[in-house]
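Notes follow once the structure below has been shown.
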Amino acid sequence: MGSSTCRIPPPNPELQPQQGPGHRSYGRLPAPAEVRKPSGSLWKSWKNKIRPKREPRMVFDPDRCTGCGTCEAVCAARDGSAPDASRIQILREETAGANFAVFCQHCLDPLCLPACPQHAISRGESGIVSIDSRLCAHCGLCIQACPEAAPQRGPDAKVLKCDLCGGHPECVEACPHKALSFSSGKALGWIKLLRWPVQVLSFLFFVIILIGTVCSVSVADLSFGCPFGLLQNIAASKVILLATVFAAIFLVFLTILTGRAACGWLCPFGFFLDLVGKIVPQRFQLPRFVRTRLAKYGVGAAALGVSGAVGYQAFCTVCPIGTICRSYGLQSVVGGAELAILPTVAAMEVSEKRSWCRYLCPVGALLALCAKIGLIKIVIGASRCKKFSCMRCASTCPMGIIPESDLREGISPKLDASECIMCLRCVDTCPHSAVKIRFRWQKGVPAERRAPCGASNGGGQCLR
Amino acid sequence: MQDEFERALSDAAARFCVECGKCTAACPMAEMYSDFSWDLSPRGIVQQALRGRDILTGKAVWCCTQCEACTRTCPAGVDCCGLVAGLRPLARTAQGAEAPVSGACADCGAPLPPKPVLDYLRSALHGAELRYLSLCPACRRQAYIRNNS
Numbered sequence: 000m001g002s003s004t005c006r007i008p009p010p011n012p013e014l015q016p017q018q019g020p021g022h023r024s025y026g027r028l029p030a031p032a033e034v035r036k037p038s039g040s041l042w043k044s045w046k047n048k049i050r051p052k053r054e055p056r057m058v059f060d061p062d063r064c065t066g067c068g069t070c071e072a073v074c075a076a077r078d079g080s081a082p083d084a085s086r087i088q089i090l091r092e093e094t095a096g097a098n099f100a101v102f103c104q105h106c107l108d109p110l111c112l113p114a115c116p117q118h119a120i121s122r123g124e125s126g127i128v129s130i131d132s133r134l135c136a137h138c139g140l141c142i143q144a145c146p147e148a149a150p151q152r153g154p155d156a157k158v159l160k161c162d163l164c165g166g167h168p169e170c171v172e173a174c175p176h177k178a179l180s181f182s183s184g185k186a187l188g189w190i191k192l193l194r195w196p197v198q199v200l201s202f203l204f205f206v207i208i209l210i211g212t213v214c215s216v217s218v219a220d221l222s223f224g225c226p227f228g229l230l231q232n233i234a235a236s237k238v239i240l241l242a243t244v245f246a247a248i249f250l251v252f253l254t255i256l257t258g259r260a261a262c263g264w265l266c267p268f269g270f271f272l273d274l275v276g277k278i279v280p281q282r283f284q285l286p287r288f289v290r291t292r293l294a295k296y297g298v299g300a301a302a303l304g305v306s307g308a309v310g311y312q313a314f315c316t317v318c319p320i321g322t323i324c325r326s327y328g329l330q331s332v333v334g335g336a337e338l339a340i341l342p343t344v345a346a347m348e349v350s351e352k353r354s355w356c357r358y359l360c361p362v363g364a365l366l367a368l369c370a371k372i373g374l375i376k377i378v379i380g381a382s383r384c385k386k387f388s389c390m391r392c393a394s395t396c397p398m399g400i401i402p403e404s405d406l407r408e409g410i411s412p413k414l415d416a417s418e419c420i421m422c423l424r425c426v427d428t429c430p431h432s433a434v435k436i437r438f439r440w441q442k443g444v445p446a447e448r449r450a451p452c453g454a455s456n457g458g459g460q461c462l463r
Numbered sequence: 000m001q002d003e004f005e006r007a008l009s010d011a012a013a014r015f016c017v018e019c020g021k022c023t024a025a026c027p028m029a030e031m032y033s034d035f036s037w038d039l040s041p042r043g044i045v046q047q048a049l050r051g052r053d054i055l056t057g058k059a060v061w062c063c064t065q066c067e068a069c070t071r072t073c074p075a076g077v078d079c080c081g082l083v084a085g086l087r088p089l090a091r092t093a094q095g096a097e098a099p100v101s102g103a104c105a106d107c108g109a110p111l112p113p114k115p116v117l118d119y120l121r122s123a124l125h126g127a128e129l130r131y132l133s134l135c136p137a138c139r140r141q142a143y144i145r146n147n148s
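For the protein sequence lines, the chains are A and B, in the order given.
So the first sequence is numbered by numbering that gives the first Met the number 0: it starts at 0 and just counts up by one.
So the second sequence is numbered by numbering that gives the first Met the number 0: it starts at 0 and just counts up by one.
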């Protein structure tokens, strides 16, 4: 108290004045690069694409922790303070014998960073989120913003936070039971090397090699048909041909067995959309009335109704999946004109990946109904998942069914099997092997133990 | 009421204020609120309290984050932060139900930061509606553990 040291840092030419709500622009640090651009040769950038480099992080194993507190003591010794003010806190549950370590997870998209009014928090080159002690006013808003309240007030009420000891955390070395480890995790990484060739092959097979379309194919004695085309056919002609039913039932069975893998792995138009989505940046938002996943069921019902009215398969004339197959190679002028549907639908990729599949595709809607009673599901395990600090699965999911909001709250989201196209990108990218493929009857995500009060009234207004 | 007001002033040694403005320079509220002005600043609050202006009815005392940056930096030894903390109960009685307090932790009942501070936090965090903001840090850890083990 009473120390009159000047806490304002010397002017730094790097600190450019920015527009903001406050008066002071000198304290603003340059915005950290969100995602580091892969530098160097083309080979390096490709290597980074195939196997992205991850910075090592501290991983806590609750099964090994005995709650001895060595990590706390070692950490506090850095500041010369008592263990209760260390930057890693072990919460001990004596009755259950379970312990849990709370420490900064060094999030990819840290919430403390925008919350800090002093702009003292930055995410460094190696992904270490640190507090600049010259700028910090110890207001504690980072503690309030953090989902697990990882920053900690020290003995003199100053805010302390793990900085990974600059890359060599001492608590990890000191832990006698190896409950803390320092690793960058291990993602599978090979599923995409399998899926892309399968998608390419199925595209070549359906679009180029095959005479005919994916909608109705006969190879030797086996015939294969689009189940939604069959439904339209029945609606149009009011006649059920058993042979076509048998042809269409294959895709239904496949979907019940493996989820909507046909959408993620086989659909030639889905492959086309994946390619477009790789090139086109997702920058705009579709109008709200399009962005409802129920719309595709409406499109399906409307298509069936129109088919019954006009007497032929109405949707099949504009179906992008069929169009991409039968219009290849300028078979006819009509075929060329049909091709116009492809860029129109693919243009929706500027808003979200696989927008067509998410919101409008009626074939996908039919398969979604099959997947609802399907045998497998994707489960994000609660204890292994790093939640808000990672969120790689949420950003990689092309269907956008992994809600970031749940992960931000520290809850493992429950995934809707009918919306999942089983592309397994989430399984592939999770560095903590928390995302698993499970049978329908196997244990899923545990229900949220307690819904925090304020979920309904906007928060902050309970227990007045 | 007046006695308590005077006691809060004397406890915080407010009369030693030399109006140098270091407290305002250190105060994080400048970056938090777009309407930050002399009325909201630590110097303004101390001066308004000394001059007998009515600061118990506005939102002046409710914007502070209680970080004590002003107290640490004051060369005259004025406990600006303590003054705000001392004035808050008086403002609470003066304003009654109108006081912008954001209530208590949904689990343990510990007080949460006042409404302007939480509003700033919500607007800073991508405008996201985060349910855990209605828990105090200690209970938030417990909730996190419950959901993750």
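We put the beta carbon where it would ideally sit given N, CA and C, even for glycine.
Taking beta-carbon pairs under 9 angstroms, can you tell me which members of the region 123-135 of chain B lie near chain A?
Of all residues in the region 123-135 of chain B, A123, L124, H125, A127, E128, L129, R130, Y131, L132, S133, L134, C135 have a Cβ within less than 9 angstroms of some Cβ in chain A.
By DSSP, does A:G224 sit in helix, in strand, or in coil?
In the first sequence, counting from the first residue as 1, residue 224 of chain A sits at position 225. Three-state DSSP puts A:G224 in a strand.
In the DSSP output, what is A:R152 paired with across the bridge?
Along the first sequence, one-based indexing puts residue 152 of chain A at 153. Answer is A:V158.
Answer yes or no: does any C-beta atom of chain B fall closer than 9 angstroms to that of A:K386?
Taking the first sequence and counting its residues from 1, one reaches residue 386 of chain A at position 387. By this cut-off, A:K386 is an interface position.
Could you tell me the alpha carbon to alpha carbon distance between A:Q88 and A:F102, rounded to whole angstroms?
For the purposes of this step, residue 88 of chain A is identified with residue 89 of the first sequence, where counting begins at 1. For the purposes of this step, residue 102 of chain A is identified with residue 103 of the first sequence, where counting begins at 1. About 7 angstroms.
At a CB-CB cut-off below 7 angstroms, which residues of chain B make contact with A:I410?
What you label residue 410 of chain A is simply residue 411 of the first sequence in a count that begins at 1. Going along chain B in sequence order, the residues near A:I410 (Cβ under 7 angstroms) are N146.
Since A:C262 meets chain B, which of its residues come closer than 8 angstroms, beta carbon to beta carbon?
One-based indexing of the first sequence puts residue 262 of chain A at position 263. Under the 8 angstroms cutoff, chain B gives no residues; its nearest Cβ is about 30 angstroms from A:C262.
With a CB to CB cut of under 6 angstroms and the five nearest residues on each side skipped, what residues in its chain are close to B:A90?
Working through the second sequence from its first residue, we reach residue 90 of chain B at position 91. Around B:A90: L55, V60.
Is A:K52 helix, strand or coil when you go by DSSP?
As a position in the first sequence, residue 52 of chain A is number 53, starting the count at 1. If DSSP states are grouped into helix, strand and coil, A:K52 belongs with coil.
Please work out which residues of its chain come closer than 8 angstroms, Cβ to Cβ, to B:R121, disregarding the five sequence neighbours upstream and downstream, and give them in chain order.
Start at 1 with the first residue of the second sequence, and residue 121 of chain B comes out as number 122. Result list for B:R121: A127, E128, L129, L132, in chain order.
With a 10 Å radius around its C-beta and 16 neighbouring C-beta atoms as the bar for buried, classify A:E348 as buried or exposed.
The residue you call residue 348 of chain A lines up with position 349 of the first sequence. Counting Cβ neighbours within 10 Å, A:E348 comes out buried, since at least 16 surround it.
Which residue comes first and which comes last in the beta strand (DSSP E) that contains A:V238?
Here residue 238 of chain A refers to the residue found at position 239 of the first sequence. Unbroken run through A:V238: none, as it is neither H nor E.
Taking all protein chains shown into account, do 16 or more other C-beta atoms lie within 10 angstroms of the C-beta of A:F387, making it buried, or fewer, making it exposed?
On the first sequence, residue 387 of chain A is found 388 positions in, with the first residue counted as 1. Buried: at least 16 other Cβ atoms inside 10 Å.
Looking at C-alpha atoms only, which residue of A:I410, A:G66, A:H118 is the closest neighbour of A:T94?
Translated into the one-based positions of the first sequence, residue 94 of chain A becomes position 95. Closest by alpha carbon: A:G66.
How far does the beta strand (DSSP E) with A:S180 in it extend, from its first residue to its last?
For the purposes of this step, residue 180 of chain A is identified with residue 181 of the first sequence, where counting begins at 1. Its beta strand (DSSP E) spans residues 179-182.
Mind listing the chain B neighbours of A:E147? Cutoff is C-beta to C-beta under 8 angstroms, in chain order.
Translated into positions along the first sequence, residue 147 of chain A becomes position 148. Chain B residues near A:E147: R139, R140, Y143.
Nearest-angstrom Cα distance between B:K58 and B:R50?
Counting from one through the second sequence, the residue named residue 58 of chain B turns up at place 59. Counting from one through the second sequence, the residue named residue 50 of chain B turns up at place 51. Roughly 18 angstroms between the two C-alpha positions.
How far does the beta strand (DSSP E) with A:R482 in it reach, from first residue to last?
The structure shown does not extend to residue 482 of chain A, since chain A spans only 0 to 463, so no value can be given for it.
Enumerate in chain order the residues of its own chain whose CB-to-CB distance from A:T395 is below 6 angstroms, with the five nearest sequence positions on each side excluded.
By 1-based counting over the first sequence, the position of residue 395 of chain A is 396. Excluding sequence neighbours, A:T395 sits near R424, T428.
Provide the residue(s) that pair with A:M57 in DSSP beta bridges, ordered along the chain.
Looking up residue 57 of chain A in the first sequence gives position 58. Answer by DSSP bridge pairing, in chain order: A:F181.
Using a C-beta cutoff of 9 angstroms, does A:G66 count as contacting chain B?
Taking the first sequence and counting its residues from 1, one reaches residue 66 of chain A at position 67. No, no contact with chain B.
List, in chain order, every chain B residue whose beta-carbon is nearer than 9 angstroms to that of A:I87.
Numbered from its first residue, the first sequence carries residue 87 of chain A at position 88. Within 9 angstroms Cβ-Cβ: nothing; A:I87 doesn't reach chain B, min ~12 angstroms.
Less than 8 angstroms between C-beta atoms, sequence neighbours within five positions excluded: which residues of the same chain meet that for A:Q151?
For this step, residue 151 of chain A is matched to residue 152 along the first sequence. The answer, listed in chain order, is A84, S85, R86, Q88, I142, V158, L159, K160.
Got a sec, what are the start and stop residues for the beta strand (DSSP E) A:I436 sits in?
Position 437 of the first sequence, counted from the start, is the residue given in the question as residue 436 of chain A. First-last of the beta strand (DSSP E) with A:I436: 434-438.
For B:P112, which residues in chain A fall below 9 angstroms Cβ to Cβ?
Counting from 1 along the second sequence, the entry for residue 112 of chain B is found at position 113. G139, L140, Q143, listed in chain order.
DSSP three-state label for A:R122, please.
The residue you call residue 122 of chain A lines up with position 123 of the first sequence. In the structure shown, A:R122 sits in a strand (DSSP, three-state: E or B).
Please tell me whether B:A142 and B:G85 are closer than 9 angstroms, where the distance is taken between their beta carbons.
For the purposes of this step, residue 142 of chain B is taken as the residue at position 143 of the second sequence. For the purposes of this step, residue 85 of chain B is taken as the residue at position 86 of the second sequence. Result no, Cβ atoms of B:A142 and B:G85 do not sit closer than 9 angstroms.
When the Cα of A:C111 is compared with those of A:G96, A:E147, A:L90, which residue comes out closest?
Stepping through the first sequence from its first residue, residue 111 of chain A is reached at position 112. Nearest C-alpha to A:C111: A:E147.
Let me check one thing: in DSSP terms, what residues is A:A308 bridge-paired to?
Within the first sequence, numbered from 1, the residue matching residue 308 of chain A stands at position 309. Beta-bridge pairing links A:A308 to no other residue.
With distances taken from CA atoms, which of B:L124, B:V77, B:V100 is nearest B:A12?
Indexing the second sequence from 1 puts residue 12 of chain B at position 13. Minimum Cα distance to B:A12 is reached at B:V77.
Within a Cβ cutoff of 6 angstroms, which residues of the same chain sit near A:D405, ignoring the five residues on either side of it in sequence?
For this step, residue 405 of chain A is matched to residue 406 along the first sequence. Closer than 6 angstroms at Cβ, skipping near neighbours: P412.
When the cut-off is 9 angstroms and only beta carbons count, does A:A156 lie next to chain B?
As a working note, residue 156 of chain A is residue 157 in the first sequence. It does: the Cβ of A:A156 has a partner Cβ on chain B nearer than 9 angstroms.
For A:N98, list the residues DSSP reports as bridge partners.
Taking the first sequence and counting its residues from 1, the one referred to as residue 98 of chain A is at position 99. Answer is A:R91, bridged to A:N98.
Please classify A:I400: is it buried, with 16 or more other beta-carbons within 10 angstroms of its beta-carbon, or exposed?
As a working note, residue 400 of chain A is residue 401 in the first sequence. A:I400 should be labelled buried.
Between A:S394 and chain B, is the shortest Cβ-Cβ distance under 9 angstroms, so that the two count as touching?
For the purposes of this step, residue 394 of chain A is identified with residue 395 of the first sequence, where counting begins at 1. Taking Cβ atoms only, chain B never reaches closer than 9 angstroms to A:S394, which makes this a no.
What residues in its chain sit with their C-beta under 7 angstroms from that of A:A173, if we drop five residues either side in the sequence?
Your numbering for residue 173 of chain A matches position 174 in the first sequence. Here the set comprises T69, C70, V73.
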